[in-house]
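4 protein chains.
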Amino acid sequence: MKRRKANRTELEELKSEVLAFAQDREWLQFHSPKNLSMAIAVESAELMQLFLWCESHDSRALPEDAAAKARIEEELADVFIFALQIANVSEIDLPAAIRRKLEINSTKYPVEKCRGRSVKYSEL
Amino acid sequence: MKRRKANRTELEELKSEVLAFAQDREWLQFHSPKNLSMAIAVESAELMQLFLWCESHDSRALPEDAAAKARIEEELADVFIFALQIANVSEIDLPAAIRRKLEINSTKYPVEKCRGRSVKYSEL
Amino acid sequence: MKRRKANRTELEELKSEVLAFAQDREWLQFHSPKNLSMAIAVESAELMQLFLWCESHDSRALPEDAAAKARIEEELADVFIFALQIANVSEIDLPAAIRRKLEINSTKYPVEKCRGRSVKYSEL
Amino acid sequence: MKRRKANRTELEELKSEVLAFAQDREWLQFHSPKNLSMAIAVESAELMQLFLWCESHDSRALPEDAAAKARIEEELADVFIFALQIANVSEIDLPAAIRRKLEINSTKYPVEKCRGRSVKYSEL
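Note that the protein sequences, when read in sequence, are chains E, P, C and W.
The numbering of the first sequence is the working numbering, which starts it at 1 and goes up by one.
The numbering of the second sequence is the working numbering, which starts it at 1001 and goes up by one.
The numbering of the third sequence is the working numbering, which starts it at 2001 and goes up by one.
The numbering of the fourth sequence is the working numbering, which starts it at 3001 and goes up by one.
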């Protein structure tokens, strides 16, 4: 993991470390966008399983428990690892893509129309 | 979205923008860890749906098509947005969590044992 | 859909109708177990999305609303359709598999140990 | 599990056994539609994980291996168990819902337009 370079941004650096992990194991042959999208879904289900039977409200207190927080961190990290890797193999500029989607969402969910409301934009 | 500060890292900046988006709409009341974990799973399924019926190999060419790449970027961005938001509400240090998980995975999947093999670590 | 036979059980009949639907469209070429497992996950996420931002308690009242119930039925039916189809292509005897799993679960979750508790069996 | 009655259909019988399992453990308090939809998604991800890194084509041979088939059966049974339970708590008539959805799908995917094609209906 000693491949950090000063001139890279933080996300480029993390993407590079995730890519190196797969390259070292010759795993790129398995890392098609299709398979990586499945891996993200599998890891997100493992994250979700931590909150499966608790109430939504009670889940807010879970990260205050050190052991629970460690498990949340691990499962969330797995989601990020495969999400970073699909960005690698699909050559996606993540900060640009995330900010573009936030702009789209701003249009779909105008502040004045959805303040305090959780309805889907098509029903606004 | 004009809240960027020079002294923040890129991920802290993105987390802050995602948080502001929810705060502006008074949505934090819905953003429990439980609900956000569901949202990540829903968005990851929408990403996966893009690759549902294509062959794994053929999915590698999809990002070369501009329209397909735009849809992949949008769905992947949604995964990141909710993943950043669960890091916000759970106060998770993402680069630290991701690097800690890569270390754990290095131990579970030693290079010499799993080079070119996709088996699960418990079967190595 | 006029292929029902009197001597089949209800599940065999439904499996047969789902299979015919795919055969009529020459879709079996896409219906590998891998792809069908993805389809089940995609449809289950669409079902989950109906309950995304509501409280667990409030979701109990949703099926009392006719429009909401119709959407739940549609999404749940999609889960069943792909689940029946993976049973078709994998030649799985569903009632036997379901009852075998209920037996396994009975051993993992003995009534006296988990009455009223939602913890995972490994923590009992 | 000795609660079968002769005059029930197979699916009603299975629904009844799944319901009794939860009632015996006083688990209905956790079985809101929201939580059950999450459970279906979690179990479908566990099923999908069995096919994660294999090629779509190779997944067709997996059920021929007895050990692999047993695992597929277990994970698929878990999907069915929670899907039957959400039908229980939402009072859904499953055969009717499944057949209604097959009719809807017949209209969305006319045989002559989608024979041998996997595209989504909105693109037909």
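We treat Cβ as the ideally placed atom computed from N, Cα and C, and that holds for glycine.
The model shown is predicted, which means the values in this text are computed figures rather than measured ones.
query                                                                                                               : result
Beta-carbon neighbours of W/Phe-3030, restricted to chain E and to distances below 8 Å                              : Trp-53
Short Cβ contact (8 Å threshold) for C/Glu-2055 with C/Glu-2075                                                     : no
W/Arg-3025 versus W/Leu-3036 - alpha carbon distance                                                                : 16 Å
P/Glu-1091 versus C/Phe-2082: straight-line alpha-carbon distance, rounded                                          : 38 Å
8 Å Cβ cutoff, E/Ala-59 in contact with chain C                                                                     : The question names Ala, but residue 59 of chain E is Ser in the sequence shown. It does not: the Cβ of E/Ser-59 has no partner Cβ on chain C nearer than 8 Å.
Proximity of E/Met-48 and W/Val-3042 at Cβ, strictly below 8 Å                                                      : yes
Proximity of P/Val-1079 and E/Ile-40 at Cβ, strictly below 8 Å                                                      : yes
8 Å Cβ cutoff, W/Ala-3067 in contact with chain E                                                                   : no
Closest Cα partner of C/Ser-2044 within the set C/Pro-2033, C/Ala-2066, C/Ala-2077 and C/Ala-2022                   : C/Ala-2077
Span separating the alpha-carbon of C/Phe-2021 from that of W/Phe-3021                                              : 33 Å
Straight-line Cα distance separating E/Phe-51 from E/Arg-71                                                         : 11 Å
Complete beta strand (DSSP E) runs within the stretch 1044-1085 of chain P (minimum length 3 residues, chain order) : none
Rounded Cβ spacing between W/Ser-3059 and C/Lys-2034 (contact assumed at less than 8 Å)                             : 4 Å
8 Å Cβ cutoff, W/Lys-3108 in contact with chain P                                                                   : no
Buried or exposed (CB count within 10 angstroms, at least 16 for buried), W/His-3057                                : exposed
Per-residue contacts from P/Asn-1035 into chain C (C-beta, under 7 Å)                                               : Leu-2052 and Trp-2053
Where W/Met-3001 falls, given that 16 or more other Cβ within 10 Å makes a residue buried                           : Low per-residue confidence applies at W/Met-3001: pLDDT is 44, beneath 50, and the placement is therefore not dependable, though the value from the model is reported in the following sentence. W/Met-3001 comes out exposed.
Chain-ordered neighbours of E/Ser-16 on chain C, where CB pairs are closer than 7 Å                                 : The premise fails here: E/Ser-16 is roughly 29 Å from chain C at the closest Cβ pair, so nothing lies under 7 Å.
Closer than 8 Å at the beta carbon, the chain E residues around C/Ser-2090                                          : Simply none; closest approach about 18 Å.
C-beta contact flag for C/Ile-2146 and W/Leu-3014 at 8 Å                                                            : Here chain C has residues from 2001 to 2124 only, and residue 2146 of chain C is not among them.
Endpoints, the alpha helix (DSSP H) within which W/Ser-3106 is located                                              : 3094-3108
Minimum Cβ-Cβ distance from W/Asn-3007 to chain C less than 8 Å                                                     : no
Closest by C-alpha distance to P/Trp-1053, when choosing among C/Leu-2028, C/Asn-2007, C/Ser-2016 and C/Ala-2068    : C/Leu-2028
Under the three-state DSSP convention, the category P/Gln-1029 falls into                                           : coil
Best match in E/Pro-63, E/Asp-93, E/Leu-84 and E/Gly-116 for proximity to P/Leu-1102 [C-alpha to C-alpha]           : E/Leu-84
Contacting residues, own chain, Cβ-Cβ under 6 Å from P/Asn-1088 (five flanking each side not counted)               : Lys-1015 and Leu-1019
Neighbouring residues, chain E, relative to P/Lys-1101 (Cβ below 7 Å)                                               : Glu-74, Ala-77, Asp-78 and Ile-81
Candidates C/Phe-2030, C/Gln-2023 and C/Gly-2116, of which the one nearest W/Ser-3106 by Cα                         : C/Gln-2023
Cβ pair C/Glu-2064, W/Pro-3095 closer than 8 Å                                                                      : no
Closer than 9 Å at the beta carbon, the chain E residues around W/Ala-3022                                          : Correct list: empty, because the minimum Cβ distance to chain E is about 12 Å.
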